[in-house]
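Asks: The structure that follows is given in the form of structure tokens.
Residue numbers (my numbering): 60 to 373.
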């Protein structure tokens, strides 16, 4: 039985990388974002909660402000939470969240899809099983997607597998910085560093769509961990939109990898039009919870309201 007294708080430099990554990869909610390489790149600081011989683990990313440490989600990191041999029970979730709260007086974190907390706000992530053949998958595309693909093929768009490193994504990253001004320069510096580290391990891919004349129309940076292909950084130029370049890129990626035991992870969005775009490929939504707690001393607590209480939290 796991309880908060048997859960150890282990600082980053004392974590066994092989055991940690092995647990993440064998978990039903396995994702690359919880592995040490990504966390080392994206988190300002991170430590871990561990039960047993890495039977259950939970990464905790944190920062410090005004002398107070607080738990937070690294940028570009949608799901962390508790990972184990199967989906954690309510009791295990309770004990890990209780332990988290004992180390950080404030926290805003996203868990993963196996961490079911009905009282917590839920976020959507879109997944497509591409183990089926491309013909079977594309037959399930929405009519709008089929029309866009018809335009793309008629225009003779070209799909490229580029071997250039992620630094060639700089124009797209610069555009993204304009769209998400709440992210810092350091967040984007860390993104480049993390992607380069994964590129060297063959886990970062770039795919490009050009016109017949060679003009860049769409490009996306994907992560590939052998279980999921993650749609990390998609970008379609204005000239590519009326030609269906974004639809074409994802369709060709599906064709490239279909038949393999992989999930295409589109990631999620609270923007309805983007959610419709992903679901138009036949992707199904999975949900993962967001939790927040605020045990800060007064009057600091008033400066950072906790919002709606999450009754599950101890």
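Beta carbons: idealized from backbone N, C-alpha and C, even for Gly. Here the structure is a predicted model, which means the values were calculated and not measured.
Using 10 angstroms around the beta-carbon of residue 76, count the other beta-carbons present and answer buried if the total reaches 16, otherwise exposed.
Replies: Exposed, since its Cβ has fewer than 16 Cβ neighbours within 10 Å.
Asks: Starting from residue 265 and walking both ways along the alpha helix (DSSP H), at which residues does that stretch end?
Replies: Premise fails: residue 265 lies in the beta strand (DSSP E), 263–269, not in any alpha helix (DSSP H).
Asks: For residue 17 and residue 72, I'd like the C-alpha separation in whole angstroms.
Replies: The displayed coordinates of the chain run from 60 to 373. Any statement about residue 17 would go beyond what the structure contains.
Asks: Residue 317: which of 192, 326, 303 sits nearest, CA to CA?
Replies: Among 192, 326, 303, the Cα nearest to that of residue 317 belongs to 192.
Asks: Taking the alpha carbon of residue 135 as the point to measure from, which residue in 111, 124, 278, 101 has its own alpha carbon closest?
Replies: Taking only the C-alpha atoms, the option nearest residue 135 is 101.
Asks: With DSSP collapsed to three states, give me the class of residue 104.
Replies: Strand.
Asks: Could you check the C-alpha separation between residue 261 and residue 354 for me, to the nearest Å?
Replies: Straight-line Cα distance between these residues: approximately 42 Å.
Asks: With DSSP as the reference, identify every bridge partner of residue 255, one or two as the case may be.
Replies: Answer is none; residue 255 lacks a bridge partner.
Asks: What's the gap between the Cα of residue 370 and the Cα of residue 198?
Replies: Confidence is the limiting factor: at residue 370 the pLDDT is only 40, short of 50, which leaves the residue's position unreliable, though a coordinate-based value still follows. Between residue 370 and residue 198, the C-alpha separation is close to 43 Å.
Asks: Considering just the uninterrupted stretch of the beta strand (DSSP E) at residue 123, what are its terminal residues?
Replies: Note, residue 123: beta strand (DSSP E), 115–124.
Asks: Taking only three categories from DSSP, how would you classify residue 94?
Replies: Three-state result, residue 94: coil.
Asks: Go to residue 197, then tell me how far its alpha helix (DSSP H) extends in each direction, as first and last residue.
Replies: 193–197 is the extent of the alpha helix (DSSP H) around residue 197.
Asks: Among residues of its own chain, excluding the 5 on either side of residue 264, which ones have a beta-carbon nearer than 7 Å to its beta-carbon?
Replies: Closer than 7 Å at the Cβ level, and outside the excluded window around residue 264, lie 281, 283.
Asks: Just to confirm the assignment, what range does the alpha helix (DSSP H) spanning residue 305 have?
Replies: Segment 304–316, the alpha helix (DSSP H) holding residue 305.
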